[in-house]
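Here is the structure we will look at, set down as structure tokens.
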Amino acid sequence: MSGLVLVQRGSIRALQAHFVETSGCCTIGSVFWTSFQSSMRGEQAGLASCSTPADIRMDGRIERIVLTNFMTYTHVEVLPGPHLNIVIGPNGTGKSSIVCAILLGLKTKPKVLGRGGNLTSFVKTSCPSATIEIELLNLQGKNYIIKRVIIAKDGSSKWFLNGDEKSSKEIEELATKLKLQVDNLCQFLPQDRVQDFARMDHHELLINTIKCVGSDGMLEDLEQLKKFRKMELELLGDVQQLKERLGREQQLIARIQGEVDSLNQRESMEKDLTSYKQKHAWLLYGMKRTDLTEV
Numbered sequence: 002m003s004g005l006v007l008v009q010r011g012s013i014r015a016l017q018a019h020f021v022e023t024s025g026c027c028t029i030g031s032v033f034w035t036s037f038q039s040s041m042r043g044e045q046a047g048l049a050s051c052s053t054p055a056d057i058r059m060d061g062r063i064e065r066i067v068l069t070n071f072m073t074y075t076h077v078e079v080l081p082g083p084h085l086n087i088v089i090g091p092n093g094t095g096k097s098s099i100v101c102a103i104l105l106g107l108k109t110k111p112k113v114l115g116r117g118g119n120l121t122s123f124v125k126t127s128c129p130s131a132t133i134e135i136e137l138l139n140l141q142g143k144n145y146i147i148k149r150v151i152i153a154k155d156g157s158s159k160w161f162l163n164g165d166e167k168s169s170k171e172i173e174e175l176a177t178k179l180k181l182q183v184d185n186l187c188q189f190l191p192q193d194r195v196q197d198f199a200r201m202d203h204h205e206l207l208i209n210t211i212k213c214v215g216s217d218g219m220l221e222d223l224e225q226l227k228k229f230r231k232m233e234l235e236l237l238g239d240v241q242q243l244k245e246r247l248g249r250e251q252q253l254i255a256r257i258q259g260e261v262d263s264l265n266q267r268e269s270m271e272k273d274l275t276s277y278k279q280k281h282a283w284l285l286y287g288m289k290r291t292d293l294t295e296v
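Numbering follows the numbering used here, in which position 38 of the sequence shown is assigned residue number 39; successive positions increment by one, without gaps.
If you want it as structure tokens, here you go:
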């Protein structure tokens, strides 16, 4: 998905100077200004595409957005570039409408926008329906053209893919296949959801970033690493418990060893005492015997 930035009209010249100075491409400034001027003639908000000679081609890149009777727009066609895209215009001119269209064109429910769930509010006043058409790059064949028609009467929708009517589930499956995660705040951040993004902790940011830019197996690898880390912590806890138990056992052995030494010493002294008593008896016997012999 091409990068999209919303800015106010008063920032045009500063942004133009910045891109000319830092992009390394002398045509960026004029392209930026010309793109803004031509877009303003057609509708209220302007789109500036800051592209470079090195094109980025990947499946799912937004090539074209066409809106008919959608919010503030009667008809507008947006052609995003492969790099950073800037939508410029005063307040209320429809900058956010383009962001809403991207989400509603790829996702069935508007709750990701942080707004109400009534789709009729996205249809221009007094119009029977609104149409969102998004063309996505397909490197293997014909580009994917997703079309959503929102009926103002009951808020229902009809979905089409390259002219064939499809279910909303099939469209979401295609978006998932192309890694267009409009419900991931690290990839798609509507202005009404900025506070939700700010509340994300480092763990949630890591997971959502991996979902955006990581390979297909990276998230599974991370889950495996988390399991291994949990096992490691459990084993380290077991080792610590065994060390503590070993220390207690060694202290117990030291106390018991002192008692054993005392018992051994007492037993030795009792044996010596018995031997002394026996020797004393023999001495008395010898003395009595000598006395009797003399008599």
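In this text, a Cβ means the ideal position worked out from N, Cα and C, and glycines have one as well.
Small disclaimer: the values here were computed from a predicted structure and weren't measured.
Legend entry - W283 classed as buried or exposed, judged by whether at least 16 other C-beta atoms fall within 10 angstroms: exposed
Inset, instruction - Name the two residues that bound the continuous alpha helix (DSSP H) containing T177. - result: S169 to K178
Inset, instruction - Evaluate E44 with the Cβ neighbour count: other Cβ atoms within 10 Å of its Cβ, from every protein chain shown; 16 or more gives buried, anything less gives exposed. - result: The predicted position of E44 is uncertain, since its pLDDT is 47 and thus under 50; no value can be drawn from it.
Inset, instruction - Measure the alpha-carbon distance for S263 versus S269 and round it to whole angstroms. - result: 10 Å
Inset, instruction - Could you spell out the range, first to last residue, of the alpha helix (DSSP H) harbouring L137? - result: Element bounds for L137: not the alpha helix (DSSP H) but the beta strand (DSSP E), S130 to L137.
Inset, instruction - From the DSSP output, in three-state form, read off T94 for me. - result: coil
Legend entry - Which residues DSSP lists as bridging F161, in chain order: K148 and E166
Inset, instruction - Evaluate P83 with the Cβ neighbour count: other Cβ atoms within 10 Å of its Cβ, from every protein chain shown; 16 or more gives buried, anything less gives exposed. - result: buried
Legend entry - Which listed residue (V79, V195 and L234) has its alpha carbon closest to that of E67: A quick correction: the sequence has Val, not Glu, at residue 67. Minimum Cα distance to V67 is reached at V79.
Inset, instruction - Could you pull out every residue in the same chain whose Cβ sits closer than 6 Å to the Cβ of S158, ignoring the five residues on either side in sequence? - result: R149 and I151
Legend entry - Nearest-angstrom Cα separation, counted from K108 out to N119: 14 Å
Inset, instruction - Please find out if some non-hydrogen atom of the ligand COA comes closer than 8 Å to the beta-carbon of E235. - result: This structure lacks the ligand COA; in fact it carries no ligand of any kind.
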